[in-house]
Structures are given as C-alpha cells and as structure tokens.
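Trainee:
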Amino acid sequence: MTTLPDSLLEGHVRHYANFAEPDRTRMLAAVIKNYARSVDPSDPGRYAQWQAAVDDLANPLNEDLVLSHARRLAQRTRPPPKFGTGSLLSEIGAAVQQTAMTAEEQLGLALDMHEHGLGPVLTYAFNLWIARAADPKTVGRRLTELTVMGLYRLAEAQKPPPDTTLIGSGSAADVIRTSGRVHKYPRNYAAREVLLPLEFANYQVLTQTCLHDRIATNAAFDASTRILYHDYVPGDDGESMLRSGFWPNRQQQKDLRSLHGALRCELPERRLVLDLHPGNFVWDAARARWVLIDIGPIPVVGSEEYGVDSFTSYYTHTWLNRLDREHAEPIRSIDYSVGSRPM
Numbered sequence: 269m270t271t272l273p274d275s276l277l278e279g280h281v282r283h284y285a286n287f288a289e290p291d292r293t294r295m296l297a298a299v300i301k302n303y304a305r306s307v308d309p310s311d312p313g314r315y316a317q318w319q320a321a322v323d324d325l326a327n328p329l330n331e332d333l334v335l336s337h338a339r340r341l342a343q344r345t346r347p348p349p350k351f352g353t354g355s356l357l358s359e360i361g362a363a364v365q366q367t368a369m370t371a372e373e374q375l376g377l378a379l380d381m382h383e384h385g386l387g388p389v390l391t392y393a394f395n396l397w398i399a400r401a402a403d404p405k406t407v408g409r410r411l412t413e414l415t416v417m418g419l420y421r422l423a424e425a426q427k428p429p430p431d432t433t434l435i436g437s438g439s440a441a442d443v444i445r446t447s448g449r450v451h452k453y454p455r456n457y458a459a460r461e462v463l464l465p466l467e468f469a470n471y472q473v474l475t476q477t478c479l480h481d482r483i484a485t486n487a488a489f490d491a492s493t494r495i496l497y498h499d500y501v502p503g504d505d506g507e508s509m510l511r512s513g514f515w516p517n518r519q520q521q522k523d524l525r526s527l528h529g530a531l532r533c534e535l536p537e538r539r540l541v542l543d544l545h546p547g548n549f550v551w552d553a554a555r556a557r558w559v560l561i562d563i564g565p566i567p568v569v570g571s572e573e574y575g576v577d578s579f580t581s582y583y584t585h586t587w588l589n590r591l592d593r594e595h596a597e598p599i600r601s602i603d604y605s606v607g608s609r610p611m
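Mapping the sequence shown onto the working numbering, position 79 (from 1) lands on 347, and the numbers just tick up by one.
This is how it looks when you write it as structure tokens:
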C-alpha cells in the first residue's frame with residue numbers, strides 16, 4: 269500500500285510546530301472557515317456569528333486576528349485531551365470521539381491541537397461530518413491523513429521557475445512541459461513531502477500490473493528538488509471535453525469501461541486510493557485509449573467520490589454529472605480560500 273506508515277504520519281502531524289507562524293495561522297483560519305460551513309442558517313444568531321468570522325478571515329491574516337476568532341467561537345466543555353502518552357493517532361481519534369460533533373466543540377479540539385503544536389484535524393469536510401464509528405486509531409489515522417494531504421497544502425508555498433511553460437496547475441503541483449517530458453513542481457509542503465513521493469511510489473507499483481500501459485511512462489523522482497517527471501501524454505483530458513460540451517464517444521466509453529475494470533481489479537488488491545476524476549484521464553488518440561496522467565494518492569476520507577465497484581455508477585456520478593454537481597457544490601472537500609498574508 270503506497271501510503272504513510274503510522275510513524276511518518278505522526279511525524280508530519282508533529283511537524284506543525286515547525287511551520288512558520290503565518291502558515292500555522294492560515295491553516296487555523298481554514299479550519300474555522302470549514303467548520304463555519306457546517307452551521308445551519310436556521311439558527312440565525314449562531315450563523316451570523318460564524319459568518320462574521322468568515323468575512324473577517326477574507327482580509328490579510330495575522331496571528332492575533334485568527335486566534336481571537338478561534339477562541340471566541342470555540343467551546344471546550346470536555347476534559348483537555350492528552351497527547352504524547354501513547355500512540356498519537358489513537359489519542360487524536362479518541363479525542364475526536366469524546367468531543368461533541370458541533371462546529372464549536374470541534375473547533376475547540378482543533379485549537380487544543382494547534383496549541384500543542386500538532387496539525388489540527390478537520391472533522392467536517394465533503395459537506396458532512398466525518399463518521400466516527402470505528403476504533404480510535406482508525407479515526408485518528410484517517411483524519412490526520414486528511415490534514416497532512418489536504419490542510420498542509422497551505423504550508424510552505426512555492427512557485428516554479430518563471431521561465432517555464434506551465435500547462436496546468438492544481439492545489440498540489442504546477443505542471444511544466446519541456447519537450448516530451450512533464451515536470452511536476454510541488455507547490456507546498458503536502459506535495460513536496462507526501463503527495464509527489466507517494467505518486468512516484470504508485471508508478472513503481474502500477475508498472476508491474478496490467479495498468480502499465482495506462483499510465484505515463486518513464487516516471488522519475490528527484491529526491492533533492494522533490495520534482496516528479498514523466499513522459500508527456502498528448503491529447504485532451506476528460507475534464508476539458510466535458511467543459512467543451514462533449515461527452516465521451518462510443519469508442520471512448522468502451523475503453524473507459526475496460527480501464528475501469530482493470531482499476532477495479534488492481535486498486536483494491538494493491539490497496540491504492542487514486543483521484544479518478546475526469547481531468548486525470550487523457551485520451552491518447554494514437555493508441556485509442558485513456559491514460560492516467562495523475563496517479564497521486566488521495567485521503568481515504570472522501571475517496572468514496574471515486575468508487576470503482578460499478579462502472580455505471582462511477583461513470584454517471586463522476587463523469588456525466590460532474591458539472592451539475594460542481595455547480596450545486598462548488599466546494600466539495602476543503603475550502604482553502606482564506607485571506608492573504610499581510611504585506
């Protein structure tokens with residue numbers, strides 16, 4: 269399974285204390301904003317209080333501003349959590365399970381973790397409260413994985429060289445093309461330390477499977493620069509097709525079904541969780557097949573979006589209904605749009 273061992277995941281959670289103050293401030297602001305999304309407008313006083321904080325967090329951020337909102341909104345009615353006496357993942361999971369599932373109480377727990385120098389977990393994402401019906405360690409692992417792969421995208425931002433040909437940009441990496449090669453430059457801590465190294469590990473796994481001709485070739489990873497390389501795959505991606513008003517044609521649908529069958533076989537066996545949205549599929553017309561151009565990992569939390577048990581349900585939900593769902597739910601996972609650093 270290409271994921272983080274418990275010890276490394278715990279190390280990343282503890283690394284939060286080493287981030288610069290502006291990065292910790294931005295992450296705590298994002299936690300506040302995402303918990304605000306759970307507050308029902310049917311309680312107008314409470315809703316107005318949270319929305320006032322969200323509006324304020326659109327301004328340039330500083331530590332005092334964010335902490336004042338966090339402390340004003342948070343409630344901490346449960347006993348203070350204890351961290352560092354045993355398995356950190358189990359301790360985090362137990363603390364979540366012992367905390368009421370409200371924005372105020374869960375923000376209180378996030379504030380406790382922030383004050384302990386631990387990356388705060390976010391228990392409201394994908395427009396729902398994340399289920400707690402599991403053992404504490406599993407809960408802690410899934411939530412800290414979401415923090416490290418998701419929230420840590422707000423830490424240690426960096427840009428690619430200015431004289432490069434940018435062909436794509438996401439929340440994790442800037443994608444550069446030079447001749448026949450693609451370079452993925454990490455945009456932040458999450459990409460540099462977790463996502464791109466694990467994507468390269470996924471390449472090493474999948475090249476030994478029946479999916480070897482469904483992924484970009486000649487992948488390489490520079491351990492010093494943390495840049496991931498692979499051969500360029502020409503063609504239109506599925507997301508671009510959908511946005512242009514074109515559905516996959518019969519040949520493309522047939523091939524997507526075939527690829528889906530291979531994914532349904534290989535991913536569970538290899539215990540891989542991939543981001544299978546249309547933008548990560550490119551139609552290689554020369555070979556008349558779909559090729560996955562991004563096989564980076566995603567957290568277990570939210571991976572249900574790309575379930576591969578049934579082709580019909582996957583294709584309908586993830587492809588045909590994608591733009592309608594995007595319109596109905598502009599933010600599906602984590603809202604990263606918090607204010608800038610002060611100049």
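A virtual CB, placed ideally from N, CA and C, is assigned to each residue, including glycine.
Predicted, not measured: the structure shown is a model, and the values here were computed from it.
Measuring straight from C-alpha to C-alpha, what distance separates residue 546 and residue 291?
Mentor: 31 Å
Trainee: Please look up how many angstroms separate the CB atoms of residue 499 and residue 488, rounded, as I've assumed it's under 8 Å.
Mentor: Their Cβ separation, rounded to whole angstroms, is 10 Å, which puts residue 499 and residue 488 out of contact at 8 Å.
Trainee: With respect to the alpha helix (DSSP H) encompassing residue 412, which residues constitute its N-terminal and C-terminal limits?
Mentor: That run of the alpha helix (DSSP H) goes 404–417.
Trainee: Please classify residue 565: does DSSP put it in a helix, a strand, or coil?
Mentor: strand
Trainee: Using the beta-carbon count (16 or more within 10 Å), is residue 328 buried or exposed?
Mentor: exposed
Trainee: On a Cα-Cα basis, can you pick out the residue from 513, 322, 463 that is closest to residue 491?
Mentor: Comparing Cα positions, the closest option is 463.
Trainee: Terminal residues of the continuous beta strand (DSSP E) containing residue 559?
Mentor: 557–560
Trainee: Only counting the same chain, and skipping five residues up and downstream in sequence, which positions put a Cβ closer than 6 Å to that of residue 334?
Mentor: 293, 296, 297
Trainee: Using CA atoms only, rank isn't needed, just tell me which of 482, 505, 561, 305 is closest to residue 391.
Mentor: Of the listed residues, the one whose Cα sits closest to residue 391 is 305.
Trainee: Using the C-alpha atoms, what's the distance from residue 393 back to residue 406?
Mentor: Pairing residue 406 with residue 393, the inter-Cα distance amounts to about 17 Å.
Trainee: Does the segment 401–420 come into contact with the segment 356–368, if we say contact requires no fewer than three beta-carbon pairs (one atom in each stretch) closer than 8 Å?
Mentor: yes
Trainee: Would you grab the beta carbon distance between residue 343 and residue 376 for me? Rounded to a whole angstrom, and I think it's under 8 Å.
Mentor: 5 Å
Trainee: For residue 445, which beta-bridge partners are listed by DSSP?
Mentor: 450
Trainee: Look at residue 563 and residue 541 and say whether their C-beta atoms are less than 8 Å apart.
Mentor: No; because the gap between Cβ atoms is not below 8 Å, this pair is not in contact.
Trainee: Between which two residues does the alpha helix (DSSP H) holding residue 498 run?
Mentor: Where residue 498 is concerned, there is no enclosing alpha helix (DSSP H), although the beta strand (DSSP E) it sits in stretches over 496–499.
Trainee: Which of the three DSSP states is assigned to residue 605 in this structure?
Mentor: coil
Trainee: By Cβ distance below 6 Å, which residues in the same chain neighbour residue 611 in space, the five residues on each side in sequence not counted?
Mentor: For residue 611, the predicted model reports a pLDDT of 39, less than 50, meaning its position is unreliable and no value from the coordinates is stated.
Trainee: Please give me, in chain order, every unbroken run of the alpha helix (DSSP H) with length at least 4 that falls completely inside the segment 310–379.
Mentor: 312–324, 331–341, 356–365
Trainee: Under the three-state reduction of DSSP, which class applies to residue 530: helix, strand or coil?
Mentor: Of the three classes helix, strand and coil, the one that applies to residue 530 here is helix, per DSSP.
Trainee: Alpha carbon to alpha carbon, how far is residue 520 from residue 534?
Mentor: 21 Å
Trainee: Look at the alpha carbon of residue 302 and the alpha carbon of residue 288, and state the distance between them as a whole number of angstroms.
Mentor: Per the coordinates, the alpha-carbon of residue 302 lies some 22 Å from the alpha-carbon of residue 288.
Trainee: Please list the segments of the beta strand (DSSP E) lying wholly inside the segment 269–311, counting only runs of 3 or more residues, in order along the chain.
Mentor: none
Trainee: Using alpha carbons as the reference points, say which of 436, 429, 589, 501 lies closest to residue 448.
Mentor: Taking the Cα of residue 448 as reference, the smallest distance to any Cα among 436, 429, 589, 501 is reached at 501.
Trainee: Identify the residues that DSSP records as bridge partners of residue 552: which are they?
Mentor: According to DSSP, residue 552 bridges with 557.
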